[in-house]
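Residue 278 in the UniProt record's numbering sits at position 278 of the sequence shown, with consecutive numbering throughout. Glycine residues also receive a C-beta, built at the ideal position from the N, C-alpha and C atoms.
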Amino acid sequence: MPVWCCRCSLAGHFRNYSDTETEGEIFNSLVQYFGDNLGRKVKAMPLVEETSLLEDSSVTLPVVVIGNGPSGICLSYMLSGYRPYLSSEAIHPNTILHSKLEEARHLSIVDQDLEYLSEGLEGRSSNPVAVLFDTLLHPDADFGYDYPSVLHWKLEQHHYIPHLVLGKGPPGGAWHNMEGSRLTISFGNWMELPGLKFKDWVSTKRRNLKGDRVMPEEIARYYKHYVKVMGLQKNFRENTYITSVSRLYRDQVDNDGQDRDISTPHLQIEKSKFIKRNWEIRGYQRIAEGSHVPFCLFAENVALATGTLDSPGRLEIEGEDFPFVFHSMPEFGAAISKGKLRGKVDPVLIVGSGLTAADAVLCAYNNNVPVIHVFRRRVTDPSLIFKQLPKKLYPEYHKVYHMMCTQSYSLDSNLLSDYTSFPEHHVLSFKSDMKCILQNISGLKKIFKLSAAVVLIGSHPNLSFLKEQGCYLGHNSSQPITCKGNPVEIDAYTYECVKEANLFALGPLVGDNFVRFLKGGALGVTRCLATRQKKKQHLFVERGGGDGIA
Numbered sequence: 001m002p003v004w005c006c007r008c009s010l011a012g013h014f015r016n017y018s019d020t021e022t023e024g025e026i027f028n029s030l031v032q033y034f035g036d037n038l039g040r041k042v043k044a045m046p047l048v049e050e051t052s053l054l055e056d057s058s059v060t061l062p063v064v065v066i067g068n069g070p071s072g073i074c075l076s077y078m079l080s081g082y083r084p085y086l087s088s089e090a091i092h093p094n095t096i097l098h099s100k101l102e103e104a105r106h107l108s109i110v111d112q113d114l115e116y117l118s119e120g121l122e123g124r125s126s127n128p129v130a131v132l133f134d135t136l137l138h139p140d141a142d143f144g145y146d147y148p149s150v151l152h153w154k155l156e157q158h159h160y161i162p163h164l165v166l167g168k169g170p171p172g173g174a175w176h177n178m179e180g181s182r183l184t185i186s187f188g189n190w191m192e193l194p195g196l197k198f199k200d201w202v203s204t205k206r207r208n209l210k211g212d213r214v215m216p217e218e219i220a221r222y223y224k225h226y227v228k229v230m231g232l233q234k235n236f237r238e239n240t241y242i243t244s245v246s247r248l249y250r251d252q253v254d255n256d257g258q259d260r261d262i263s264t265p266h267l268q269i270e271k272s273k274f275i276k277r278n279w280e281i282r283g284y285q286r287i288a289e290g291s292h293v294p295f296c297l298f299a300e301n302v303a304l305a306t307g308t309l310d311s312p313g314r315l316e317i318e319g320e321d322f323p324f325v326f327h328s329m330p331e332f333g334a335a336i337s338k339g340k341l342r343g344k345v346d347p348v349l350i351v352g353s354g355l356t357a358a359d360a361v362l363c364a365y366n367n368n369v370p371v372i373h374v375f376r377r378r379v380t381d382p383s384l385i386f387k388q389l390p391k392k393l394y395p396e397y398h399k400v401y402h403m404m405c406t407q408s409y410s411l412d413s414n415l416l417s418d419y420t421s422f423p424e425h426h427v428l429s430f431k432s433d434m435k436c437i438l439q440n441i442s443g444l445k446k447i448f449k450l451s452a453a454v455v456l457i458g459s460h461p462n463l464s465f466l467k468e469q470g471c472y473l474g475h476n477s478s479q480p481i482t483c484k485g486n487p488v489e490i491d492a493y494t495y496e497c498v499k500e501a502n503l504f505a506l507g508p509l510v511g512d513n514f515v516r517f518l519k520g521g522a523l524g525v526t527r528c529l530a531t532r533q534k535k536k537q538h539l540f541v542e543r544g545g546g547d548g549i550a
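1. Could you give the DSSP three-state label for C436: helix, strand or coil?
2. Please go through the same chain and pick out, in chain order, the residues whose beta-carbon is closer than 7 Å to the beta-carbon of H98, but skip the five residues on each side of it.
3. In chain order, what residues of the same chain lie with their CB nearer than 7 Å to the CB of residue 553, ignoring the 5 residues before and after it?
4. Could you pull out every residue in the same chain whose Cβ sits closer than 6 Å to the Cβ of residue 551, ignoring the five residues on either side in sequence?
5. Look up S459 in the DSSP assignment and give the residues it is bridged to.
6. S80: which of V293, Y409, L136, V65 sits nearest, CA to CA?
7. Looking only at DSSP bridge pairs, what is K449 linked to?
8. Beta-carbon of L155 versus every beta-carbon of chain B: anything under 7 Å?
9. Taking C-beta to C-beta, are R237 and L166 nearer than 7 Å?
10. When we look at the beta-carbon of G290 and count the other beta-carbons within 10 Å, is it buried (16 or more) or exposed?
11. In chain order, what residues of the same chain lie with their CB nearer than 8 Å to the CB of L518, ignoring the 5 residues before and after it?
12. Quick check on DSSP: helix, strand or coil for S57?
13. For P84, which beta-bridge partners are listed by DSSP?
14. If you draw a straight line from the alpha carbon of Q388 to that of P294, how long is it in whole angstroms?
15. Please name the residue or residues paired with F298 in a DSSP beta bridge.
16. Going straight from the alpha carbon of A364 to that of M191, what length do you get?
17. Using a Cβ-Cβ cut-off of 6 Å (strictly less than) and excluding sequence neighbours within five positions of F504, which residues of its own chain qualify?
18. Closer than 7 Å by C-beta to I490: which residues in its own chain qualify, once you throw out the five before and the five after it? Chain order, please.
19. For the beta strand (DSSP E) containing H425, name the first residue and the last one.
20. As a quick exercise: from K536, C471, K467, pick the residue whose alpha carbon is nearest that of S279.
21. Beta-carbon separation of L463 and G474 under 7 Å?
22. Within 10 angstroms of the Cβ of V454, are there 16 or more other Cβ atoms? Answer buried if so, exposed if not.
23. Which residue marks the beginning of the beta strand (DSSP E) containing I372, and which one marks its end?
24. Using the three-state DSSP reduction, which class does G474 fall into: helix, strand or coil?
25. Among residues of its own chain, excluding the 5 on either side of K445, which ones have a beta-carbon nearer than 8 Å to its beta-carbon?
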């Protein structure tokens with residue numbers, strides 16, 4: 001199978017590009033070829049440097065975004081030239097922030113000092129730009145208010161930054177794979193993206209929105225529709241799987257104009273001889289009948305927007321790979337819906353104290369399947385997620401929390417018929433006869449016979465396409481990247497990785513697990529790239545480039 005690559009056409013379609021061809025012309029022909037081979041029409045994208053001469057024989061995209069969930073969609077929206085401005089009639093309830101916004105009302109938020117605007121703001125994200133953008137879109141939302149956004153959006157096409165967004169499935173990412181029977185944690189309007197109100201979209205579907213919380217499949221359809229209605233389709237490629245993202249280096253004394261991979265030992269020995277160049281992104285695209293088409297792209301910048309739902313967390317204990325042990329809610333839900341656990345006398349073991357574990361408890365409980373619920377924390381632990389959810393808005397989760405507190409196991413009582421919690425316990429092992437061994441903090445062990453087990457202790461992103469599985473990007477480089485414990489370390493205002501220039505991360509990878517906060521990452525990245533583009537333009541003019549664009 002030939003590889004599609006930005007450096008050349010495929011076998012049988014090679015051609016030598018002259019230095020006088022524009023980058024746009026080359027890209028147009030390559031994209032057209034790519035589209036023809038996939039049996040679909042792929043529209044060519046305008047390039048920033050259409051009027052400039054190529055530096056070498058490759059075509060390099062300014063940005064490639066990996067991940068097409070809400071993070072990637074929102075970033076594409078802003079890279080496409082959509083700019084937020086303070087609405088003429090808007091008055092933000094935070095008077096200090098409002099006065100700052102008034103100082104530069106004529107400028108879009110992208111063109112303002114985000115650090116200055118973010119100063120003094122507090123919210124439920126550790127990233128200041130995420131808190132800033134959230135309070136502009138949903139003023140005082142954490143206080144229960146439903147104030148309208150103080151922003152309005154303008155499409156300014158001259159700000160378009162060429163980019164591709166690569167995703168495994170349709171736009172919306174993991175939202176298309178979530179269990180449909182559950183309500184979202186966030187309100188519907190908190191899940192919306194800039195420029196299209198969720199309630200307005202729902203009303204076009206002729207469905208009455210009975211409550212503020214909605215089903216995941218509705219959110220997935222909204223995100224897919226958003227990409228279409230905002231005219232972003234040309235930037236999106238579905239069914240793409242990334243296998244490698246690596247740096248290319250160039251020898252400063254080599255004049256052949258070719259980037260190449262340089263071995264790590266060679267770099268360490270003669271690091272001063274080489275300069276970092278662009279990113280090389282390799283992978284494949286699934287097409288009809290399950291066949292794969294490999295591809296190779298080159299980019300100046302890469303934005304990681306993969307989310308963290310790729311790899312379920314594991315206990316790493318004996319027997320965890322037995323077929324009766326599940327590691328995801330969809331697996332467990334499928335077993336319930338197919339009746340595999342119906343009429344079972346032995347309980348289901350559910351491990352975890354988060355909302356997904358609570359969903360599993362509810363799923364089993366509502367299907368009359370007895371539950372053993374094991375978690376490491378005390379029921380009074382203030383960090384339990386149930387402590388942060390208002391009872392009136394989330395009655396089903398508070399029902400689970402109430403059972404966790406009032407139906408716990410004790411030595412002088414047997415398992416309860418429907419649900420028994422085991423606070424401050426952990427699983428030692430699973431046995432082939434479908435038994436498990438539990439241990440409490442005092443070291444006391446207990447053995448139970450199970451009908452199934454489901455381990456729901458969080459998930460990790462799949463960054464296998466990066467060196468060291470991406471671990472080197474985290475605050476603790478010796479541990480895997482996780483949303484809460486070890487997010488990617490970024491500059492607080494640009495979202496650029498501290499340990500890798502021209503590599504950006506946003507969304508759950510940097511700790512923003514809620515849609516309302518991940519939109520701030522798109523703002524930070526867009527501002528950074530737009531600022532650098534302006535500097536390149538000024539540099540080009542200073543070097544005698546005339547009216548051209550650098």
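Result, derived from the coordinates:
1. Three-state result, C436: strand.
2. I91, H92
3. Any question about residue 553 goes unanswered here, given that the chain covers just 1 to 550.
4. There is no way to answer for residue 551, as the model of the chain reaches only from 1 to 550.
5. Looking at the DSSP output, S459 sits in a beta bridge with P312.
6. V65
7. K435
8. Here chain B cannot be found, since the structure has a single protein chain.
9. yes
10. Using a 10 angstroms sphere on the CB of G290, the tally of other CB atoms stays under 16, which defines it as exposed.
11. P70, S71, C74, A130, L506, G507, P508, D512
12. Here the model assigns S57 a pLDDT of 33, short of 50, so the residue's position is not dependable, and the following value carries that caveat. Coil at S57, not helix or strand.
13. For P84, which the question treats as bridged, DSSP gives the partners W153.
14. Cα to Cα, Q388 sits roughly 46 Å from P294.
15. E280
16. 28 Å
17. A303, Y495, E496, V525
18. E496, C497, V498, A505, V510
19. 425–430
20. Reading off the sequence shown, one finds Trp at residue 279, where the question assumed Ser. Measuring from the Cα of W279, the nearest candidate turns out to be K467.
21. no
22. With 16 or more Cβ atoms within 10 Å of its Cβ, V454 is classed as buried.
23. For I372, the enclosing beta strand (DSSP E) begins and ends at 371–374.
24. Three-state DSSP puts G474 in a strand.
25. These residues qualify, in order along the chain: L428, I437, L438, Q439.
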